[in-house]
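Visitor:
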Amino acid sequence: MEDKINSGEGENPQNEVSRVEMRLPEEFVRFSPLQRVEHLLVMIFFIVLVITGLPQGFFETSWAAWIIMSLGGIDMTRFIHRVFGILFAALAIWHLGRVTLLVLLRKARPSMIPTFKDFSDATGTLKYYLGLSEEHPKFDRYDYRQKFEYWGLMIGGIIMIVTGFILYFPVFFTELLPGVIIPVAKAVHGYEALLAFLVIIIWHMYGAHFNPDVFPFDSSIFTGKISRERMEKEHHLEYARLIRSLAKDGEDKKSTGEEKSNYV
Amino acid sequence: MQRGEKKRIRAEYEMSSIRGSKDASAILFTLWQSATGIIIALILPFVALAEPQTNFSEGVEFCLGCHSDSSLSIVLPSKEKMPLYINPEEFAASIHGDKLGCTDCHSDISDYPHPVKELKNRRSYSLAFYEGCKRCHFANYTKTLESIHYSLLSKGNPRVPVCVDCHGAHNVTRPDKPRTRVSQTCKKCHLGVYETYSASVHGRALIEEDNPDVPVCTSCHHAHNIEDPRTRTFLLKTPELCGKCHANERLMQKYGLSTKVLETYLKDFHGVSVTFYKSQREDITSWKAVCTDCHGVHNITKVSDPNSPVLKANVVHTCRKCHPDATTNFPGAWLSHYEPNPKKAPLVYYVKVFYKIFIPFTIGGLGLHILLHIWRVATNR
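Those sequence lines, one after another, are chains A and B.
Be aware that the first sequence starts at 178, since it is given in the working numbering, and climbs by one per residue.
Be aware that the second sequence starts at 28, since it is given in the working numbering, and climbs by one per residue.
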């Protein structure tokens with residue numbers, strides 16, 4: 178049943194597809210330069226925030242003390258952390274503003290919205306891993322794991338930004354709000370940071386590096402390109418849709434994959 | 028020793044032109060004027076005595092032959108009258124009474140008539156004895172060299188205390204028996220501090236109840252290596268200083284006080300900062316509150332005292348010392364040395380509980396997902 182849904186919606190363009198496929202490039206453009214820059218920036222900001230933030234949470238350990246002292250002391254560590262916190266917040270506002278505007282102006286189609294299919298994909302994948310199903314679910318532009326990570330970063334990032342600013346300006350925030358928001362913000366900021374750090378270290382590092390499918394390094398987000406094989410295997414629905422649109426557009430059109438960047 | 032012999036020595040002493048007479052003081056005064064004004068102990072060999080010197084090392088009794096005369100005194104160039112009387116009972120009762128003889132300390136005196144000392148006033152005499160105690164009390168002597176008192180002395184301030192000012196000279200007894208004696212000793216110069224301290228929770232317990240646990244001056248400031256308490260280095264040591272008692276379970280149990288105060292402080296923003304400042308360079312100018320910034324220094328009260336700076340009604344004013352724009356909501360940010368629990372700060376407590384479940388759940392789930400994937404990849408091969 179899944180196969181039927183995945184391979185073609187209604188019509189059966191098998192012959193056309195094979196003809197189009199012949200002229201498909203070996204690589205597709207998956208991420209626009211802007212998206213690549215956004216990833217690069219959030220990566221840098223995240224790393225700096227972890228380096229300056231994690232030791233503040235584990236201040237009692239000797240490695241934390243070593244990092245803080247190496248950075249020039251606790252005041253300097255906090256200063257760097259706050260500067261990059263502001264940069265991180267600015268990037269988050271920029272990104273969310275950009276994608277919201279693109280979606281509202283119908284300039285791009287939203288591809289990160291979680292759907293019911295993501296849940297069935299997740300259970301389907303686990304069934305496949307456990308050997309309960311022979312069929313691996315076929316994914317669209319972003320699979321459920323990528324959506325989980327994206328929304329984890331978005332929601333976690335917003336939590337970190339809000340609690341971070343509460344801790345940055347405690348006097349201002351307690352003008353109207355009760356004082357207890359400060360220790361609450363501190364607890365949330367610390368634990369949420371730990372969660373984010375662990376997700377990145379375990380989940381993202383696996384997905385982008387140690388996953389046997391991409392080992393040692395999935396370079397897509399830096400080069401913006403993805404190979405045809407991976408496209409077909411990992412984002413089959415998007416791939417199939419692309420081929421169909423190419424087939425419709427005529428035989429002489431050669432794809433560069435540039436259409437891809439019209440997703441957010 | 029014969030009585031006649033003593034009298035003869037005494038007579039000879041009085042006849043000699045060194046001390047007691049106007050002539051002597053005039054000579055000394057002239058000499059002093061020609062000197063640079065700094066203490067000079069100029070020892071002049073005088074008429075040698077026919078008697079064997081053993082008389083002087085023989086013991087206290089011999090010296091007391093003259094010095095137990097309560098009218099014995101000299102006038103110094105400063106016109107100060109310096110008594111030379113030693114109370115025999117007082118000396119006998121002192122801690123040195125059965126241990127030391129006169130010449131153990133007055134080691135420059137081995138002769139009669141005594142060598143001339145060129146001293147402008149009584150203070151000079153005390154200061155000249157600064158080194159006198161180190162022969163036996165070397166450790167404490169070297170400690171004093173690190174003290175603020177010695178530092179001021181070496182800069183030329185003659186008013187700072189030397190050994191005998193706190194311990195006495197011929198009447199040395201245990202300085203902390205009773206304990207109130209310590210604060211009485213410091214009070215001689217630091218009267219204002221003493222008055223503040225004596226009204227504090229510590230001072231009142233000491234004075235009114237003779238409490239053996241409350242700190243006396245030296246508990247915080249030390250006895251011999253007294254640091255300048257206004258320096259950053261000293262102030263940054265405050266938490267460990269207060270923590271010596273306030274983190275001591277056995278001690279605090281007696282008074283129903285929490286020992287969490289130190290730990291909760293050190294885990295807080297202020298405490299973390301101060302811990303790092305201690306190991307950082309001196310030129311850092313920012314400051315975060317230590318115990319005394321909120322609780323006071325010599326005027327520490329019970330936290331339930333109506334005048335306590337940390338009482339709920341007063342605490343916002345204390346916060347404003349550093350956070351001038353703080354509203355009455357602001358002190359709620361501080362959990363008053365409590366660990367968050369369902370009764371005190373339930374929101375903080377339940378947030379922590381939530382994450383303590385949520386983080387292992389999430390990470391465990393993701394980890395399982397990864398392991399299943401690896402397992403599938405391995406079995407597919």
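Where a beta carbon is used, it is the ideal one built from N, C-alpha and C, also for glycine.
(1) With distances taken between CB atoms, is the gap from A:E312 to A:G301 smaller than 9 Å?
(2) Please return the same chain residues whose Cβ sits closer than 7 Å to the Cβ of A:Y416, not counting the five positions on each side in sequence.
(3) Quick check: what's the CA-CA separation for B:C321 versus B:H249?
(4) Just the chain B side, please: which residues come within less than 7 Å of A:A364 by C-beta, in chain order?
(5) Using 9 Å as the threshold, is the C-beta distance between B:N252 and B:S181 below it?
(6) Against B:A155, what residues of chain A qualify as contacts under a CB-to-CB distance less than 8 Å, listed in chain order?
(7) Mind checking the segment 221-244 of chain A against chain B and listing, in chain order, the residues whose C-beta falls within less than 7 Å of any C-beta there?
(8) Does any residue of chain A bring its CB to less than 9 Å from the CB of B:S285?
(9) Which residues of chain B have a Cβ atom closer than 7 Å to the Cβ of A:W380, listed in chain order?
(10) Quick one: does A:L354 have its CB under 9 Å from some CB of chain B?
(11) Taking its Cβ as the centre, do 16 or more other Cβ atoms sit within 10 Å of B:H400, making it buried, or is it exposed?
(12) Touching or not, the segment 252-261 of chain A and the segment 277-287 of chain A, by the rule of three or more beta carbon pairs under 8 Å?
(13) Nearest chain B C-beta to A:L309 closer than 9 Å, yes or no?
(14) Under the three-state reduction of DSSP, which class applies to A:M382: helix, strand or coil?
(15) Do B:H13 and B:T223 have their C-beta atoms within less than 9 Å of each other?
(16) Would you call B:A38 buried or exposed, if buried means 16 or more other Cβ atoms sit within 10 Å of its Cβ?
(17) Which value, in whole angstroms, describes the spacing of the CA atoms of B:C129 and B:K215?
(18) What residues in the segment 379-406 of chain A bring their beta carbon closer than 7 Å to a beta carbon of chain B?
(19) To the nearest angstrom, report how far apart A:N189 and A:K304 are at their CA atoms.
(20) Reducing DSSP to helix, strand and coil, say where A:F349 ends up.
(21) In terms of residue numbering, what span does the alpha helix (DSSP H) encompassing B:M109 cover?
(22) Does the beta-carbon distance from A:L248 to A:T229 come in below 9 Å?
(23) Can you confirm whether the segment 321-333 of chain A touches the segment 328-340 of chain B when touching is taken to mean that 3 or more C-beta pairs between the two stretches lie within less than 8 Å?
(24) When we look at the beta-carbon of B:V404 and count the other beta-carbons within 10 Å, is it buried (16 or more) or exposed?
(25) Is it true that the segment 263-274 of chain A meets the segment 392-404 of chain A, where meeting means three or more beta-carbon pairs spaced less than 8 Å apart?
(26) For B:K383 and chain A, any beta-carbon pair shorter than 9 Å?
(27) For the alpha helix (DSSP H) containing A:K402, list its first residue and its last residue.
(28) Using only the alpha-carbon positions, how far apart do A:I403 and B:K371 sit?
(29) Is the beta carbon of B:Y152 less than 9 Å from the beta carbon of B:L146?
(30) Taking the alpha carbon of B:N407 as the reference point, which residue from A:A424, A:H413 and A:P389 has its own alpha carbon closest?
(31) At the level of alpha carbons, what is the spacing between B:I122 and B:A196?
(32) Listed in chain order, which residues of the segment 331-361 of chain B have Cβ atoms closer than 8 Å to some Cβ of chain A?
(33) For B:P358 and A:G356, which I take to be in contact (beta-carbon distance under 8 Å), what is that distance rounded to the nearest angstrom?
(34) A:G250 versus chain B: which residues are under 9 Å apart at the beta carbon?
(35) How many Å lie between B:P110 and B:L91 at the Cα?
(36) Is there a Cβ of chain A sitting closer than 9 Å to that of B:A274, yes or no?
Guide: Let me spell this out:
(1) As a first step, residue 312 of chain A must be located in the first sequence, where it is residue number 135. As a first step, residue 301 of chain A must be located in the first sequence, where it is residue number 124. It is a contact, given that the beta carbons lie within the stated cut-off.
(2) Looking up residue 416 of chain A in the first sequence gives position 239. Correct list, in chain order: M408 and E409.
(3) Here residue 321 of chain B is taken as the residue at index 294 of the second sequence, counted from 1. Here residue 249 of chain B is taken as the residue at index 222 of the second sequence, counted from 1. Those two C-alpha atoms are separated by around 23 Å.
(4) Start at 1 with the first residue of the first sequence, and residue 364 of chain A comes out as number 187. Here the neighbours are V375, V378 and K379.
(5) Taking the second sequence and counting its residues from 1, one reaches residue 252 of chain B at position 225. Taking the second sequence and counting its residues from 1, one reaches residue 181 of chain B at position 154. No, the Cβ-Cβ distance between B:N252 and B:S181 is not below 9 Å.
(6) Here residue 155 of chain B corresponds to residue number 128 of the second sequence, with the count starting at 1. The premise fails here: B:A155 is roughly 47 Å from chain A at the closest Cβ pair, so nothing lies under 8 Å.
(7) F236
(8) The residue labelled residue 285 of chain B in the question sits at position 258 within the second sequence. Not one chain A Cβ lies under 9 Å of B:S285.
(9) Position 203 of the first sequence, counting from 1, holds the residue named residue 380 of chain A. Simply L393.
(10) Locating residue 354 of chain A in the first sequence gives position 177, counting from the first residue. Cβ-Cβ to chain B under 9 Å: yes for A:L354.
(11) Counting from one through the second sequence, the residue named residue 400 of chain B turns up at place 373. Label assigned to B:H400: buried.
(12) no
(13) Numbered from its first residue, the first sequence carries residue 309 of chain A at position 132. It does not; no Cβ of chain B falls within 9 Å.
(14) Stepping through the first sequence from its first residue, residue 382 of chain A is reached at position 205. Here A:M382 sits in helix by DSSP.
(15) Since the first residue of chain B shown is 28 and the last is 408, residue 13 of chain B is not available in this structure.
(16) As a working note, residue 38 of chain B is residue 11 in the second sequence. At B:A38, the pLDDT of 46 sits below 50, so the modelled position is not reliable and the matter cannot be decided from this model.
(17) In the second sequence, counting from the first residue as 1, residue 129 of chain B sits at position 102. In the second sequence, counting from the first residue as 1, residue 215 of chain B sits at position 188. Rounded to whole angstroms, B:C129 to B:K215 spans 27 Å at the Cα level.
(18) I379, W380, Y383 and P389
(19) Here residue 189 of chain A refers to the residue found at position 12 of the first sequence. Here residue 304 of chain A refers to the residue found at position 127 of the first sequence. Annotation note: pLDDT 49 at A:N189 (below 50); position unreliable, coordinate value reported separately. Taking the straight line joining both Cα atoms gives about 28 Å.
(20) Taking the first sequence and counting its residues from 1, the one referred to as residue 349 of chain A is at position 172. In this structure, A:F349 counts as helix in the three-state DSSP scheme.
(21) Residue numbering aside, residue 109 of chain B sits at position 82 when the second sequence is read from its first letter. Counting along the chain, B:M109 falls outside any alpha helix (DSSP H), though it belongs to the beta strand (DSSP E) covering K108 to P110.
(22) Here residue 248 of chain A refers to the residue found at position 71 when the first sequence is read from its first residue. Here residue 229 of chain A refers to the residue found at position 52 when the first sequence is read from its first residue. Taking 9 Å as the Cβ cut-off, A:L248 and A:T229 qualify as a contacting pair.
(23) no
(24) Against the second sequence, residue 404 of chain B aligns to sequence position 377. B:V404 is exposed by the Cβ-count criterion.
(25) no
(26) Here the question's residue 383 of chain B lines up with position 356 in the second sequence. Chain A, which has a Cβ nearer than 9 Å to the Cβ of B:K383, makes this yes.
(27) Translated into positions along the first sequence, residue 402 of chain A becomes position 225. Segment K402 to S404 is the beta strand (DSSP E) holding A:K402; no alpha helix (DSSP H) there.
(28) Locating residue 403 of chain A in the first sequence gives position 226, counting from the first residue. Locating residue 371 of chain B in the second sequence gives position 344, counting from the first residue. In a straight line, the C-alpha of A:I403 is about 54 Å away from that of B:K371.
(29) Residue mapping note: residue 152 of chain B aligns to position 125 of the second sequence, counting from 1. Residue mapping note: residue 146 of chain B aligns to position 119 of the second sequence, counting from 1. Contact: yes.
(30) To locate residue 407 of chain B, count along the second sequence from 1; it is residue 380. That would be A:P389, whose Cα lies nearest to the Cα of B:N407.
(31) Along the second sequence, one-based indexing puts residue 122 of chain B at 95. Along the second sequence, one-based indexing puts residue 196 of chain B at 169. The alpha-carbon atoms of B:I122 and B:A196 are separated by roughly 11 Å.
(32) H350, D352, A353, T354, N356, F357, P358, G359, A360 and W361
(33) Reading the second sequence from its first residue, position 331 is the one you call residue 358 of chain B. Reading the first sequence from its first residue, position 179 is the one you call residue 356 of chain A. Indeed, because the Cβ distance is near 6 Å, the residues count as touching under 8 Å.
(34) For the purposes of this step, residue 250 of chain A is taken as the residue at position 73 of the first sequence. Near A:G250 (Cβ distances below 9 Å), the residues of chain B are F303, Y304, S306, Q307, R308 and I311.
(35) The sequence position of residue 110 of chain B within the second sequence is 83, counting from 1. The sequence position of residue 91 of chain B within the second sequence is 64, counting from 1. Between B:P110 and B:L91, the C-alpha separation is close to 14 Å.
(36) The count along the second sequence starts at 1 and reaches residue 274 of chain B at position 247. No, no contact with chain A.
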